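Note sheet for the following structure.
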Amino acid sequence: MTPLVLLFTVSFVIAVDNRIIAPLLPSISTSLEATPGAAGLAIATYALAYGVAPLLYGPLSDRHGRVAVVRVAALLFCVCTAAAGLAATLPQFALIRLLTGAFASAAIPLTLTYIGDRFAYGERRTAIGRLAATTSSAQALSASVGGIVAHFVSWRVMFVGYGALTLLPALLMFRLDPGRPETPPESHDSAVGFVDLLTDRRAVAVYLVVSAEAFFLWGGYSYLGAFAARRHGLDQLQVGLVLALFGLGTMTGGLLVPRLQRVLSENALVRAGGLAMGAGFAALIPRWPWPVYACAMLALGLGYMALHTTLQLRGTEIAPAARGKAFSLFALFLFSGSALGTALLGRLIDAGRDDLLWGLCAGGLALVGLLAARPRVGARP
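The sequence shown maps to residues -18 to 362 in the numbering used here.
Written out as structure tokens, the structure is:
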């Protein structure tokens, strides 16, 4: 297999892990004798590590190569995933998930960076779209599998089994020729530092926009399951299947967006993406039947692909001589926005202010799409 195929494979198995824990939370909390809110600490620690660790992986990959870093992190990810199934207490489980998040965070950002190294800007969207379709199909699978596991199988068996299953692609990466250069020569030992990147106005504009996108999208997405159960009376299995439609929408969008690029400008795509996500959240406000909820998930997924893949594309263009560092900041802002949105918007769902929550997410994402089309955010005609 080529390095890119293996990077896509590892990204797939890690993307499954990214979202699989949410449907399992009730089972985990019962088993570890904790409240669901306390057990949710495992999600927060995972997200925290996932956002911060790329700051280390970026410079390491600039020096040693993308594949060299990903294969070590992927192997440690397998070990930690299996170990999570053996945790005896909640603190143990949360600590293991923190380590899992740290090791998981190498694959997808560095695969995007690898694409930036190997493809010209005009060809990059197709490769990014294929990666997005790969990870999106994984997330669709994880939502449905998570719901099924929560219903029928022990969560411990799932973690141990999944850790063993993901060992194969991790080991295959070690068969790649270690002497093969994986980054352009100019990207090694770059003098470009984090301070330089954070004082670049265009780079900061991209980072802030992706952080705002994550705040409203993932901050709202975190509570879609609780909302579906409360308003429509869906059980865990049904919630998992409905949320899988978001993954189906992103998977479809990943295949459609490169084709749409042939007839639409980049600016038109990001505007359409923001408006589609805004419409998806807005559709949750009226008390329509649950099939409308399902359609809203598809709209969110399609819009996400149009907007987010464009932001990823621009992220790979920041500081080509230090692409690993630049994209590690992209990941940090992305997951910081997600964590902040989840924390703050959760207060609205607890207060029963569902309509206000969805209204904020709808308006916020529509605005993000408009801002992303401005020249200062790296927009191209």
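Glycine included, each C-beta is placed from N, C-alpha and C at the ideal position. Here the structure is a predicted model, which is why all the values come from computation and not from measurement.
From residue i to residue j, what does the alpha carbon distance come to, in whole angstroms?
i, j, result
"Tyr143", "Thr62", "7 Å"
"Ala300", "Ala312", "15 Å"
"Gln219", "Gly206", "10 Å"
"Ile367", "Ala19", "No answer is possible for residue 367: it lies beyond the span of the chain, which begins at -18 and ends at 362."
"Gly160", "Leu56", "Bear in mind that a pLDDT of 45 at Gly160, under 50, signals an unreliable position, so the number given afterwards is only what the model happens to contain. Roughly 20 Å between the two C-alpha positions."
"Ala85", "Ala15", "25 Å"
"Thr231", "Ser192", "19 Å"
"Cys342", "Tyr285", "13 Å"
"Trp339", "Phe262", "5 Å"
"Ser168", "Asn248", "Model confidence at Ser168 stands at a pLDDT of 45, short of 50, so the residue's coordinates are unreliable; what they give is reported in the following sentence. Each residue's alpha carbon lies about 29 Å from the other."
"Ala353", "Met278", "22 Å"
"Ser135", "Ala184", "45 Å"
"Asp98", "Leu294", "12 Å"
"Glu194", "Ala264", "18 Å"
"Gly327", "Gly200", "8 Å"
"Phe197", "Gly318", "8 Å"
"Thr107", "Arg240", "9 Å"
"Ala186", "Gly259", "21 Å"
"Leu315", "Leu351", "18 Å"
"Glu104", "Gln242", "11 Å"
For residue i, collect the residues of the same chain with a Cβ closer than 6 Å to its Cβ; drop the 5 residues on either side in sequence, then sort them by chain order.
i, result
"Leu148", "Cys59"
"Ala75", "Leu22, Ala23 and Thr26"
"Ala287", "Val238, Leu250, Ala253 and Gly254"
"Leu229", "Ala121"
Here's the rule: buried if 16 or more other CB atoms are within 10 angstroms of the residue's CB, otherwise exposed. What is residue i?
i, result
"Tyr188", "buried"
"Met154", "buried"
"Thr164", "Bear in mind that a pLDDT of 46 at Thr164, under 50, signals an unreliable position, so the model cannot answer this."
"Gly333", "exposed"
"Asp336", "exposed"
"Pro(-16)", "buried"
In three-state terms, what does DSSP make of residue i?
i, result
"Gly354", "Reading off the sequence, residue 354 comes out as Ala, not Gly. Residue state, collapsed to three classes: coil."
"Phe140", "helix"
"Gly97", "helix"
"Ile2", "coil"
"Phe58", "helix"
Excluding the five sequence neighbours on either side, which residues of its own chain have a C-beta within less than 8 Å of the C-beta of residue i, listed in chain order?
i, result
"Phe175", "Leu36, Lys306 and Leu310"
"Tyr202", "Phe227 and Leu281"
"Tyr38", "Val50, Ala54, Ser86, Ala87, Pro90, Leu91, Gly305 and Ser309"
"Thr11", "none"
Quick check: is the beta carbon of residue i nearer than 9 Å to any beta carbon in chain D?
i, result
"Phe(-11)", "In the displayed structure, chain D is absent; only one protein chain is listed."
Skipping 5 residues on each side, what residues in its chain have a beta carbon closer than 7 Å to that of residue i?
i, result
"Ile77", "Cys61, Ala64, Ala65 and Ala68"
"Arg137", "Gly66"
Legend entry - Stretch pair the segment 105 to 122 + the segment -10 to 9: three plus CB contacts closer than 8 Å: Between the segment 105 to 122 and the segment -10 to 9 there are three or more inter-stretch CB-CB distances shorter than 8 Å, so the stretches are counted as touching.
Inset, instruction - Kindly confirm or deny that the segment 255 to 264 and the segment 340 to 347 touch, where touching means at least three C-beta pairs closer than 8 Å. - result: By the C-beta criterion, the segment 255 to 264 is judged to be in contact with the segment 340 to 347, since at least 3 inter-stretch pairs fall below 8 Å.
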